[in-house]
Amino acid sequence: MENTTNINELEAAKQLEIINELKVLYNQDYQKTGINKTYHIVTFGCQMNSRDSEKISGILKQIGYEETDSEDADFVLYNTCTVRENANNRVFGRLGYVGRLKKSRPGMLIALCGCMMQETTTVEKIKESYPFVDIIFGTHNIFKLAELIKTRLENEHTSRKHSDKMVIDLWKDTDMIVENLPNERKYSFKAGVNIVFGCNNFCSYCIVPYVRGRERSRSPKDIINEIKTLADEGVVEVMLLGQNVNSYGKNLNPQVTFAELLEEIEKIDGIERIRFMTSHPKDLSRELIEVMGKSKKICKHLHLPLQSGSSRLLKIMNRKYTKEDYLDLVDRIRAAVPDISLTTDIIVGFPGETEEDFQETMDVVRKVNFDSAFTFLYSKRTGTPASTMDNQVEESVAKERFDRLLAEIQALSSKSSGRDEHTIQEVLVEEVNSHDENLLTGRLSNNMLVHFPGDESLIGKIIPVHLNESKGFYYIGSQV
Ligand code: 5AD
Ligand code: SF4
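Under this note's numbering, the sequence shown has 603 at position 459, and the numbering climbs by one with no breaks.
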């Protein structure tokens with residue numbers, strides 16, 4: 145443990161040194177041209193990736209880059225996702241476009257990072273068909289970005305063919321957690337905080353354990369210190385991030401549970417709201433339900449992926465709970481936190497799914513009455529056990545079930561939405577409404593959106609709002 149800490153600290157010091165070297169270099173350029181270099185990141189996928197993009201931004205800003213909102217930039221990065229096939233296709237589409245842009249922008253850099261890069265076949269395809277890409281890195285070595293830029297700049301003078309100048313640095317896995325590098329945050333009042341990286345669950349359809357590596361928890365000390373600093377800087381809401389936050393702390397010595405971590409975060413002055421994502425039903429402990437029940441700060445929203453309502457399929461999916469376990473868990477959560485909002489993820493068309501299996505999913509959907517559900521068509525991911533199962537469901541059958549599921553979810557949520565209509569609720573004001581500048585947009589503790597007239601100066605504050613009218617997915621309110 146001690147040794148690992150030392151290695152991580154040495155690595156952070158080394159990277160900071162390289163960041164400073166580049167900063168001097170870029171500043172010399174600025175002195176000559178009077179123009180800062182610009183960067184643009186396109187982020188695909190989940191909140192983990194969004195948080196990683198903030199870390200990338202932190203390093204780039206420290207070097208001297210300025211953010212810009214289009215790909216017509218000096219440095220374009222794609223932070224990729226590979227959880228489903230369609231995310232991959234979108235990246236190749238963008239690459240074609242940016243490759244053409246690069247022809248008219250000498251010196252432009254293009255980098256690819258994130259989950260898709262952890263797949264050998266993807267990287268081979270890029271080397272072959274997109275040789276203009278400058279840097280490829282993965283999910284385990286974001287902290288090395290400055291070093292990779294430096295190497296790419298050095299290659300400019302040493303190699304001839306463009307494809308030989310490409311810097312590729314991919315790690316299969318790591319136990320390193322490098323702390324204290326520059327850090328950029330999108331919002332001043334709410335922040336994502338990583339608590340556990342990777343995933344050990346190997347659900348049979350999922351590629352995440354292969355591309356994000358084994359589970360590693362950050363030390364409670366580092367997490368608490370980060371949140372205390374955030375609170376000092378004015379952050380009122382934290383979102384604790386992990387593929388499976390409920391297994392937080394299992395690899396720490398001494399072990400710490402997620403519930404214990406939450407209790408420590410609860411004590412931090414200035415933090416008013418605590419959210420977390422994602423919870424695996426198999427690891428959601430009685431201790432955690434108890435902590436949620438008595439907490440004043442944990443938000444009344446739980447995202448609890450179901451994936452399927454069929455116990456038979458859940459077993460093949462390697463989810464380690466049954467339909468009955470899930471329903472029982474929901475009952476216990478609702479008993480402890482009566483007004484909690486529940487959301488979920490559901491996959492339709494997993495190999496071997498029969499109409500009966502699908503009806504079991506529909507049954508859970510009706511029984512739980514989720515506030516909202518993300519539904520996905522099963523997507524075959526190379527390397528996962530499900531991809532070689534010989535009973536793949538025909539696309540047209542899966543699509544037809546998907547449409548029925550979506551219709552059911554919409555019908556149920558339109559009946560049950562608006563539970564808080566005509567009440568006064570606390571709202572964290574997040575931004576000026578993107579469609580109407582006279583309106584502000586904020587969120588209730590249960591994550592529902594509220595639009596109401598108000599002044600921009602309220603952004604970042606938690607205020608009481610009367611919910612005048614429910615519009616299904618959001619409320620129209622007024623300040624009280
Ligand atoms: N096909 C479809 N959906 C998937 N998910 C993960 N892997 C796949 C796949 N191969 C969904 C799960 C998970 C969410 C983030 O993505 O529902 O909870
Ligand atoms: Fe994928 Fe399962 Fe891990 Fe979630 S818990 S990231 S679905 S393997």
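Yeah, the Cβ is synthetic: ideal placement off N, Cα and C, and Gly gets one too.
Predicted model, so just to flag it, every value in this text is computed and none were measured.
- The secondary-structure analysis by DSSP pairs G621 across a beta bridge with L611.
- When the alpha-carbon of E539 is set against those of H445, A517 and G496, the nearest one is in G496.
- Contact check for T182 against E210 passes: the beta carbons are separated by less than 8 Å.
- The DSSP-derived three-state label of T373 is helix.
- Relative to the ligand SF4, the beta carbon of V492 is positioned no closer than 7 Å to any heavy atom.
- Under DSSP, E211 forms a beta bridge with Y183.
- By a beta-carbon distance limit of 8 Å, C225 contacts C190. Their separation comes to about 7 Å.
- Listed in chain order, the non-local C-beta contacts of F420 below 6 Å within the same chain comprise L384 and V389, local neighbours out to five positions each way being set aside.
- With a cut-off of 7 Å, the C-beta of V352 is classified as near the ligand SF4, since at least one heavy atom of the ligand falls inside that distance.
- Straight through space, the alpha carbons of D483 and H566 are spaced by roughly 16 Å.
- With distances taken between CA atoms, Y222 lies nearest to G237 out of V322, G237, R228 and S348.
- Our two residues, T585 and D278, have alpha carbons roughly 40 Å apart in a direct line.
- Beta-bridge partners assigned by DSSP to F502: none are found.
- L556 places its beta carbon less than 8 Å from that of N513.
- When Cβ pairs closer than 8 Å are counted between the two stretches, the stretch 349–359 is seen not to touch the stretch 535–554, the count staying below three.
- Contact fails between the stretch 407–421 and the stretch 459–468, because fewer than three Cβ pairs, one in each stretch, are under 8 Å apart.
- Between I433 and I477, the CB-CB gap stays under 8 Å.
- When the alpha-carbon of K288 is set against those of L486, I163 and N591, the nearest one is in I163.
- Within the stretch 469–557, the beta strand (DSSP E) runs of at least 3 residues that lie entirely inside it are, in chain order, 485–492 and 516–521.
- Per DSSP, D580 lies in no beta strand (DSSP E) segment and is marked neither H nor E.
- By the Cβ rule, the stretch 603–612 counts as touching the stretch 562–577, because three or more pairs are nearer than 8 Å.
- Among the bridge pairs identified by DSSP, C190 is matched with none.
- Look at S361 here: in three-state DSSP terms it is strand.
- When Cβ pairs closer than 8 Å are counted between the two stretches, the stretch 293–306 is seen not to touch the stretch 258–273, the count staying below three.
- Residue burial is scored here from C-beta neighbours: V624 has fewer than 16 other C-beta atoms within 10 angstroms and is therefore classed as exposed.
- Between K444 and N590 the beta-carbon gap is near 5 Å, inside 8 Å, which marks them as a contact.
- For A217, the three-state secondary structure derived from DSSP is coil.
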